[in-house]
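Chemist:
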Amino acid sequence: MMPVSSNVYAIGDLQGCHQSLQALLAKIDAETPDARLIFVGDLVNRGPNSLTTLRLIRSLGDRAQAVLGNHDLHLLAAAHSIRKLHRSDTLDQVLDAPDCDELLNWLRRCPLALMEDSHLLVHAGVVPQWSAVKTLALAHEVEEALRGPHWVDFLRSMYGNQPARWEDTLQGNDRLRCIVNALTRVRFCTEDGTMEFTAKESAGTSLPGYLPWFDVPQRQTADVTVVFGHWSTLGLTLRPHLIGLDTGCVWGGKLTAVRLSDRALFQVECPQSQRPG
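Add 1242 to a position in the sequence shown, counting from 1, and you land on the number used in our numbering.
Here it is, written out as structure tokens:
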């Protein structure tokens, strides 16, 4: 196995917490000035500064990559009146910005899954039937839809909880919707991969018959390290072949980065001013 690059850092859910991002980047830069950064999705929403957060990440150029999270997709859909803004959303500043179209076009070209030095990075998780290679291939199908000329039509068909179980025979919008839900929304599923989308509690409080996606026996991604966010009530999770990075910055927790080569931990506290009202 090739050694893991010592300058790659994975960073948890930002959700518009620009102040915490700046503080975390200062810590990383002090340690590794040429660090590469991979954000595990939910760059925007609920925090106070989604606009400046997007601008900062985009300004980093090739130094930074991000996988799309459910809040990022929500922004794309809201921009085209496919989804209404929720009371808790803080996306108006992005939608009203003079560079909104540039930012959204950059965002929709972000991937849904990345492979970096034997680490598979996604926002939420993967279903047990998918290997890392298959996950990347299926993510690419959605990426092609988002980057193509009919991407707004794709967004219109993206929402819904069905089909809840992956089948290789799925086609069209059902196929793409199932892929999106697995990569950006899943927390719990059954042993056969049937996903559940309402429970948000910690891993020990799942519904009968459901397990955290990463605890399903015979999971096909067990041979790689999966890095993910999305699950603030789970908190920091460091296991063999598993790194969970959503430490609830927007809820008054911390913003977390892990250096992939040695799992060195970098964290900053969330300032009181960032917390949602």
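For each residue, glycine too, the CB sits at the ideal point set by N, CA and C.
Keeping to the same chain, check which residues put their C-beta closer than 6 Å to that of Leu1380; ignore five residues upstream and five downstream.
Modeler: Correct list, in chain order: Ile1421.
Chemist: Would you kindly work out how many angstroms separate the C-alpha atoms of Pro1552 and Lys1496, rounded to a whole number?
Modeler: Residue 1552 lies beyond the range of the chain shown here (1243 to 1519); nothing can be said about it.
Chemist: Given Val1458, which residues of its chain have a CB within under 7 Å of its CB, disregarding the five upstream and five downstream residues?
Modeler: For Val1458, where only same-chain residues beyond five positions count, the Cβ hits under 7 Å are Pro1370, Cys1431 and Glu1433.
Chemist: Just to confirm my understanding: we take Leu1317, look at its own chain, exclude 5 residues before and 5 after, and list those with CB closer than 6 Å. What are they?
Modeler: Val1286 and Leu1333, listed in sequence order.
Chemist: Return the bridge partner residues of Lys1496 from the DSSP annotation.
Modeler: Note: Lys1496 sits in a beta bridge opposite Gly1490 and Glu1511.
Chemist: Quick one: residues in its chain with C-beta nearer than 7 Å to the C-beta of Arg1305, no 5 flanking neighbours on either side, listed in chain order?
Modeler: Result list for Arg1305: Arg1278 and Leu1279, in chain order.
Chemist: Taking Leu1337 and Ala1321 to be in contact with their CB atoms under 8 Å, please state how far apart those CB atoms are, rounded to whole angstroms.
Modeler: Confirmed, about 6 Å.
Chemist: When you compare the region 1410-1418 with the region 1354-1366, are there three or more beta-carbon pairs, one atom per stretch, that lie closer than 8 Å?
Modeler: No: fewer than three Cβ pairs fall under 8 Å.
Chemist: Is there contact here, the region 1462-1476 with the region 1488-1502, by at least three beta-carbon pairs under 8 Å?
Modeler: Segments in contact, yes.
Chemist: Could you tell me which residues DSSP puts in a beta bridge with Leu1266?
Modeler: Leu1266 pairs with nothing; no bridge assigned.
Chemist: To the nearest angstrom, how far is the alpha carbon of Cys1342 from that of Gln1462?
Modeler: Cα to Cα, the separation comes out at about 39 Å.
Chemist: Just to confirm the assignment, what range does the alpha helix (DSSP H) spanning Leu1296 have?
Modeler: Element bounds for Leu1296: Ser1292 to Ser1301.
Chemist: Is it the case that the Cβ atoms of Ala1308 and Cys1259 are separated by a distance below 8 Å?
Modeler: Contact: no.
Chemist: Gly1311 and Gly1283: beta carbons closer than 8 Å?
Modeler: Their beta carbons are under 8 Å apart, which means Gly1311 touches Gly1283 by this criterion.
Chemist: Put Gln1261 into one of helix, strand or coil per three-state DSSP.
Modeler: DSSP places Gln1261 in helix when its eight states are reduced to three.
Chemist: Considering only DSSP beta bridges, list what Gln1307 is partnered with.
Modeler: Ile1280, per the DSSP bridge assignment.
Chemist: Roughly how many angstroms lie between the CA atoms of Asn1291 and Trp1493, to the nearest whole one?
Modeler: Spanning the two alpha carbons is a distance of roughly 14 Å.
Chemist: Which of the three DSSP states, helix, strand or coil, is assigned to His1361?
Modeler: Three-state result, His1361: strand.
Chemist: Among the residues of its own chain, which have a CB less than 6 Å from the CB of Leu1293, if the five just before and after it don't count?
Modeler: Counting only Cβ-Cβ distances below 6 Å, and skipping sequence neighbours, we find Gln1335, Val1336 and Ala1339.
Chemist: What first and last residue would you give for the alpha helix (DSSP H) that runs through Thr1426?
Modeler: Where Thr1426 is concerned, the enclosing alpha helix (DSSP H) stretches over Gly1414 to Thr1426.
Chemist: Going along the chain, which residues of its own chain have a beta-carbon closer than 8 Å to the beta-carbon of Asp1331, five neighbours each way excluded?
Modeler: For Asp1331, where only same-chain residues beyond five positions count, the Cβ hits under 8 Å are Asn1287, Arg1288, His1316 and Ala1320.
Chemist: By a C-beta neighbour count over all protein chains shown, 10 Å radius and 16 as the cutoff for buried, is Ala1499 buried or exposed?
Modeler: It is buried - the Cβ of Ala1499 has at least 16 other Cβ atoms within 10 Å.
Chemist: Name the DSSP beta bridge partners of Tyr1251, please?
Modeler: The partner list for Tyr1251 (beta bridge, DSSP) reads Leu1279 and Arg1501.
Chemist: Mapping DSSP to helix, strand and coil, what is Phe1439?
Modeler: Phe1439: coil per DSSP, three-state reduction.
Chemist: Where does Ser1323 land, buried or exposed, given buried means 16+ other C-beta within 10 angstroms?
Modeler: Exposed: under 16 other Cβ atoms inside 10 Å.
Chemist: Exposed or buried, which one is Leu1263 when buried takes at least 16 other CB atoms within 10 Å?
Modeler: Classification of Leu1263: buried, given that the 10 Å Cβ count is 16 or more.
Chemist: Considering only their Cβ atoms, is the gap separating His1313 from Gln1257 smaller than 8 Å?
Modeler: Yes, these two residues count as a Cβ contact at 8 Å.
Chemist: Taking only three categories from DSSP, how would you classify Val1469?
Modeler: Here Val1469 sits in strand by DSSP.
Chemist: Taking the continuous alpha helix (DSSP H) assigned at Leu1346, which residues delimit it?
Modeler: Element bounds for Leu1346: Cys1342 to Leu1349.
Chemist: Excluding the five sequence neighbours on either side, which residues of its own chain have a C-beta within less than 7 Å of the C-beta of Pro1405, listed in chain order?
Modeler: If we look at Pro1405 and ignore the five residues flanking it on each side, its Cβ neighbours are Leu1412, Asp1416 and Cys1420.
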